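Visitor:
Number of protein chains: 2
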Amino acid sequence: VTDAPRYALLAEGHFRPRDAKTAEGVLRYRPERAAAVIDSTRAGSTAQECVGCGGDVPVVADLDAAARAGANALLLGIAPQGGELPEAWRAIVRDALRRGFDVVGGLHQFLGDDPELAALAREHGARLIDVRRPPAGRPIAARRAAALNAHVVLTVGSDCNCGKMTTTFELERALVARGVRTAVVATGQTGILVAGGGVAVDAVVGDFAAGVVERMVIDAAENADVVVVEGQGALHHPGYSGVSLALLHGACPASMVLCHQEGRTLLRTGGVTDVQLPPLTAVRDAAETAAAWVRTARVVAVALDTSELDDDAARAACDARARELSVPATDPLRFGADAIADAVLAARERVSKTQDATAVTAIGQGRSR
Amino acid sequence: VTDAPRYALLAEGHFRPRDAKTAEGVLRYRPERAAAVIDSTRAGSTAQECVGCGGDVPVVADLDAAARAGANALLLGIAPQGGELPEAWRAIVRDALRRGFDVVGGLHQFLGDDPELAALAREHGARLIDVRRPPAGRPIAARRAAALNAHVVLTVGSDCNCGKMTTTFELERALVARGVRTAVVATGQTGILVAGGGVAVDAVVGDFAAGVVERMVIDAAENADVVVVEGQGALHHPGYSGVSLALLHGACPASMVLCHQEGRTLLRTGGVTDVQLPPLTAVRDAAETAAAWVRTARVVAVALDTSELDDDAARAACDARARELSVPATDPLRFGADAIADAVLAARERVSKTQDATAVTAIGQGRSR
Numbered sequence: 435v436t437d438a439p440r441y442a443l444l445a446e447g448h449f450r451p452r453d454a455k456t457a458e459g460v461l462r463y464r465p466e467r468a469a470a471v472i473d474s475t476r477a478g479s480t481a482q483e484c485v486g487c488g489g490d491v492p493v494v495a496d497l498d499a500a501a502r503a504g505a506n507a508l509l510l511g512i513a514p515q516g517g518e519l520p521e522a523w524r525a526i527v528r529d530a531l532r533r534g535f536d537v538v539g540g541l542h543q544f545l546g547d548d549p550e551l552a553a554l555a556r557e558h559g560a561r562l563i564d565v566r567r568p569p570a571g572r573p574i575a576a577r578r579a580a581a582l583n584a585h586v587v588l589t590v591g592s593d594c595n596c597g598k599m600t601t602t603f604e605l606e607r608a609l610v611a612r613g614v615r616t617a618v619v620a621t622g623q624t625g626i627l628v629a630g631g632g633v634a635v636d637a638v639v640g641d642f643a644a645g646v647v648e649r650m651v652i653d654a655a656e657n658a659d660v661v662v663v664e665g666q667g668a669l670h671h672p673g674y675s676g677v678s679l680a681l682l683h684g685a686c687p688a689s690m691v692l693c694h695q696e697g698r699t700l701l702r703t704g705g706v707t708d709v710q711l712p713p714l715t716a717v718r719d720a721a722e723t724a725a726a727w728v729r730t731a732r733v734v735a736v737a738l739d740t741s742e743l744d745d746d747a748a749r750a751a752c753d754a755r756a757r758e759l760s761v762p763a764t765d766p767l768r769f770g771a772d773a774i775a776d777a778v779l780a781a782r783e784r785v786s787k788t789q790d791a792t793a794v795t796a797i798g799q800g801r802s803r
Numbered sequence: 435v436t437d438a439p440r441y442a443l444l445a446e447g448h449f450r451p452r453d454a455k456t457a458e459g460v461l462r463y464r465p466e467r468a469a470a471v472i473d474s475t476r477a478g479s480t481a482q483e484c485v486g487c488g489g490d491v492p493v494v495a496d497l498d499a500a501a502r503a504g505a506n507a508l509l510l511g512i513a514p515q516g517g518e519l520p521e522a523w524r525a526i527v528r529d530a531l532r533r534g535f536d537v538v539g540g541l542h543q544f545l546g547d548d549p550e551l552a553a554l555a556r557e558h559g560a561r562l563i564d565v566r567r568p569p570a571g572r573p574i575a576a577r578r579a580a581a582l583n584a585h586v587v588l589t590v591g592s593d594c595n596c597g598k599m600t601t602t603f604e605l606e607r608a609l610v611a612r613g614v615r616t617a618v619v620a621t622g623q624t625g626i627l628v629a630g631g632g633v634a635v636d637a638v639v640g641d642f643a644a645g646v647v648e649r650m651v652i653d654a655a656e657n658a659d660v661v662v663v664e665g666q667g668a669l670h671h672p673g674y675s676g677v678s679l680a681l682l683h684g685a686c687p688a689s690m691v692l693c694h695q696e697g698r699t700l701l702r703t704g705g706v707t708d709v710q711l712p713p714l715t716a717v718r719d720a721a722e723t724a725a726a727w728v729r730t731a732r733v734v735a736v737a738l739d740t741s742e743l744d745d746d747a748a749r750a751a752c753d754a755r756a757r758e759l760s761v762p763a764t765d766p767l768r769f770g771a772d773a774i775a776d777a778v779l780a781a782r783e784r785v786s787k788t789q790d791a792t793a794v795t796a797i798g799q800g801r802s803r
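Here the protein sequences line up with chains A and B, keeping their order.
Numbering-wise (my numbering), the first sequence opens with residue 435 and increments by one.
Numbering-wise (my numbering), the second sequence opens with residue 435 and increments by one.
Shown next as structure tokens:
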């Protein structure tokens, strides 16, 4: 048991960009916690070579090699759809527990509730840490976050896994660099590991999802002038839209940053149904319409993932999206999040001037500009 | 333990219309299961006198009197916001278990997980039945229900507790009376008790709420030409909107029935925040817009709860809503659900004619008529 974990990041067969999302998030934002990545299909390369971040952190074939590279804990680095523990991983989790390694999981299937793994953990003095386990309590949201003085910003998206978490942390970094008192509310397993706290909203029972978010936003606003809330899913995603709306109505943002991966045309529905991604203007309209059912909010910037384009094409894509949506657009990883931070701070100025007016506005009718 | 329960319906201090929702639902739709209602503040009256249904079922002061009236099981008849077991009820639950009565609860706090109550139940051979306990499995919705041949109808509403469950069962009755093969998908604790099955969607973990609904709708469609899905919450309710959207996108209805209590002006947010109910046209627009993010659906009828109006005012209200929304409007309890059934069957005709066209429609943009 250690409080300074150095993780073996398990990403077996999945250590490619955007496929081992949790591993990638830790490598990008908490590299000091990463000892090695386990993916026998990429062993011998570095994290940087495989996913474009993480520098020299080695990719190794198994837990034994990760331990030799200094790992003292195991982190399950991907979150399979459905959230269950793949059978192939169980042996690796067992091996880690027998070494006394803590095992951190972000699955819906909680490691700590597995009798065999729980017994092994007890026997070897290791901990099973389920990042997605929801907190106690049954809060019901009631639009309380709309009354905060802090400016609340929510990242929303055209799909799952299109840059909401990354944009959240890049925006935080850009705001902090300007001296703005900024807090992040992490709402997914990777964000929680990076931020060191938060709640996986998609694992909370429906009635309390918005309430949990409301409570986190209110707490975060105590010592911050801008609260950046990590979004989840998409309002038009048939599987996850409820989580997205609960987040939107619990957080009551005044501003939203719209995240999108350039080039993606099909929604990630697990391959079951081919569903076209709607135009980005429609995604923007949906977010603003749904926000206004509880509190008026505007998309103030676009965050693009241009990782599949070259530099020239990426700049052109940002310019085109900025024109299309009439707000600044950038790829925060490629070009920095300054343009987004500027847009958020400008929106904060605008909203604070009209605060008294918006506070008494009845439920709105969405976009009207 | 009995499989033919005759319930003592616990509604202490709450046996008024719309306040003891679960008790009222059982009295209206499963009166053969109701032996007595416990509310010491109304003892001596009949159910009919207190809530307008349930006939001569007596209201009594305590469990002892309910047992003398023939009760052999206890049902918690209200669902307090937040879903926890009020301390005052614990003594009554204990008393019931000591008599060997099964105890049925619809709370978020599961009776079966309470060590004291679980031990008592074991000791006395009684069962603790938690209607809200979610099923095993982690299904992710993927718009599968949009491809069904059955016509799926969802009841949506302007608020919680405004007639969605009642409208569901009244519509079922009217359709069955016409010889239409009809199935109901119950999604709340009262609906589940009435229907004899279903899942309390608000108690399902966010990622799987739509998936659970999708699965129930597909199963229900196997032997039905019309599937009526009980809605929950409201899209503009800050606490419950996520559940409402998950239901909408899991069920993929083609038609919706819009439920509203005439005269209600404030949203039920537990008294924390005064939020005005939006105009009913805005509620309709929100439902159609949000539906279209996944599958086009239309509000085809309005179901009004006119219980606070006299007959003339009720008829006038229905006429006014029909004009306002350009669809039939009725109070299904007061005037029957025939007008709603007619509207649903007409919509079914329309949709089946254009089925091939809608099946390939990309995600829509909401209302455009």
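No residue lacks a Cβ here, since even glycine has one placed at the ideal position from N, Cα and C.
Since the structure is predicted, the reported quantities are computational estimates derived from the model, not experimental observations.
Output needed in chain order: residues of the stretch 672-695 of chain B with a Cβ under 7 Å from some Cβ in chain A.
Guide: Residues Pro672, Gly673, Tyr674, Ser675, Gly676, Val677, Leu679, Ala680, His683.
Visitor: Does DSSP put Pro492/B in a helix, a strand or coil?
Guide: Looking at Pro492/B - three-state DSSP - the assignment turns out to be strand.
Visitor: Look up Tyr441/A in the DSSP assignment and give the residues it is bridged to.
Guide: BP columns for Tyr441/A point to Ala468/A, Ala507/A.
Visitor: Would His670/A pass as an interface residue toward chain B - the criterion being a Cβ-Cβ separation below 9 Å?
Guide: Closer than 9 Å: yes.
Visitor: If you measure from the CB of Asn657/B, is any heavy atom of the ligand GTP nearer than 8 Å?
Guide: Ligands are entirely absent from the displayed structure, and the ligand GTP is therefore not among its contents.
Visitor: For the putative contact between Val677/B and Val635/B, defined by C-beta atoms under 8 Å, what is the C-beta separation to the nearest angstrom?
Guide: Rounded, the Cβ-Cβ distance is 6 Å, consistent with contact.
Visitor: Are the CB atoms of Asp641/B and Gly673/A nearer to each other than 9 Å?
Guide: Taking 9 Å as the Cβ cut-off, Asp641/B and Gly673/A qualify as a contacting pair.
Visitor: What is the DSSP secondary structure of Gln799/B, counted as helix, strand or coil?
Guide: Unreliable positioning characterises Gln799/B in this predicted model, as indicated by a pLDDT of 39, which lies under 50. A coordinate reading is not provided.
Visitor: Which same chain residues, not among the five before or five after His558/B, have their C-beta less than 8 Å away from its C-beta?
Guide: Closer than 8 Å at Cβ, skipping near neighbours: Leu531, Arg532, Arg533, Gly534.
Visitor: Please list, in chain order, the chain A residues whose beta carbon lies closer than 9 Å to that of Gly704/B.
Guide: Simply Ile574, Ala576.
Visitor: Between the C-alpha atoms of Tyr463/B and Ala581/B, what's the straight-line distance to the nearest angstrom?
Guide: The alpha-carbon atoms of Tyr463/B and Ala581/B are separated by roughly 32 Å.
Visitor: Out of curiosity, what's the CA-to-CA distance linking Val662/A and Ser592/A?
Guide: If I take the Cα positions, the gap works out to 18 Å.
Visitor: Rounded to whole angstroms, how far is the Cβ of Ala805/B from the Cβ of Leu461/B, which I believe are closer than 8 Å?
Guide: Residue 805/B is absent from the structure shown; chain B starts at 435 and stops at 803.
Visitor: Please report how far the alpha carbon of Lys787/B lies from the alpha carbon of Ala754/A, in whole angstroms.
Guide: Between Lys787/B and Ala754/A, the C-alpha separation is close to 40 Å.
Visitor: For Arg572/A, I'd like the list of residues in its chain whose CB is within less than 6 Å of its CB, leaving aside the five on either flank, ordered along the chain.
Guide: So the qualifying residues of the chain are Phe642.
Visitor: Mind checking which residues open and close the beta strand (DSSP E) that includes Cys693/A?
Guide: Note, Cys693/A: beta strand (DSSP E), 689-695.
Visitor: Determine the direct distance from the alpha carbon of Ala658/A to that of Arg615/A, and round the result to whole angstroms.
Guide: Computed Cα separation, rounded: 5 Å.
Visitor: Would Ala454/B be called buried (16 or more neighbouring beta carbons within 10 Å of its own) or exposed?
Guide: With 16 or more Cβ atoms within 10 Å of its Cβ, Ala454/B is classed as buried.
Visitor: Mapping DSSP to helix, strand and coil, what is Leu497/B?
Guide: Here Leu497/B sits in helix by DSSP.
Visitor: Just tell me which of Thr699/A, Ala721/A, Ala716/A has its CA closest to the CA of Asp708/A.
Guide: Out of Thr699/A, Ala721/A, Ala716/A, Thr699/A has the C-alpha closest to the C-alpha of Asp708/A.
Visitor: Tell me Val460/B's beta-bridge partners as DSSP assigns them.
Guide: Answer is none; Val460/B lacks a bridge partner.
Visitor: Name the chain A residues whose beta carbon is nearer than 9 Å to that of Glu518/B?
Guide: Going along chain A in sequence order, the residues near Glu518/B (Cβ under 9 Å) are Arg572.
Visitor: State the start and end residues of the unbroken beta strand (DSSP E) segment that holds Gly591/A.
Guide: That run of the beta strand (DSSP E) goes 585-591.
Visitor: If we count the other Cβ atoms within 10 Å of its Cβ and call it buried at 16 or more, is Arg757/B buried or exposed?
Guide: By the 10 Å Cβ count, Arg757/B comes out exposed.
Visitor: Is the beta carbon of Arg567/A less than 9 Å from the beta carbon of Ala507/A?
Guide: No, the Cβ-Cβ distance between Arg567/A and Ala507/A is not below 9 Å.
Visitor: Determine the contact status of Ala445/A and Asp473/A, defining contact as a CB-CB distance below 9 Å.
Guide: Cβ atoms of Ala445/A and Asp473/A: closer than 9 Å.
Visitor: The beta strand (DSSP E) that contains Arg732/A, what's its start and end?
Guide: Counting along the chain, the beta strand (DSSP E) containing Arg732/A begins and ends at 732-739.
Visitor: Whole angstroms is fine: what's the gap from Leu541/B's alpha carbon to Glu518/B's?
Guide: C-alpha separation (whole angstroms): 6 Å.
Visitor: DSSP three-state call for Leu519/A: helix, strand or coil?
Guide: Coil at Leu519/A, not helix or strand.
Visitor: Of all Cβ atoms in chain B, is any one closer than 9 Å to the Cβ of His542/A?
Guide: His542/A counts as touching chain B.
Visitor: From the beta carbon of Trp727/B, is the nearest beta carbon of chain A less than 9 Å away?
Guide: Yes, Trp727/B lies at the interface with chain A (some Cβ there is under 9 Å from its Cβ).
Visitor: Tell me whether Thr589/A is buried or exposed, calling it buried when 16 or more other Cβ atoms sit within 10 Å of its Cβ.
Guide: Per the 10 Å Cβ criterion, buried.
Visitor: If you follow the beta strand (DSSP E) that Ile563/B is part of, which residue opens it and which one closes it?
Guide: Taken as a continuous stretch (DSSP letters only), the beta strand (DSSP E) holding Ile563/B covers 562-564.
Visitor: Name the residues in the stretch 616-635 of chain A whose C-beta lies less than 8 Å from a C-beta of chain B; which are they?
Guide: Answer in chain order: Val635.
Visitor: Which class does Gln666/B belong to by DSSP, given the choice of helix, strand or coil?
Guide: In the structure shown, Gln666/B sits in coil (DSSP, three-state: anything other than H, G, I, E or B).
Visitor: Return the Cβ separation of Arg782/B and Val660/B in integer angstroms, given the expectation that the two are a contact with Cβ distance under 8 Å.
Guide: Correct: roughly 7 Å between the Cβ atoms.
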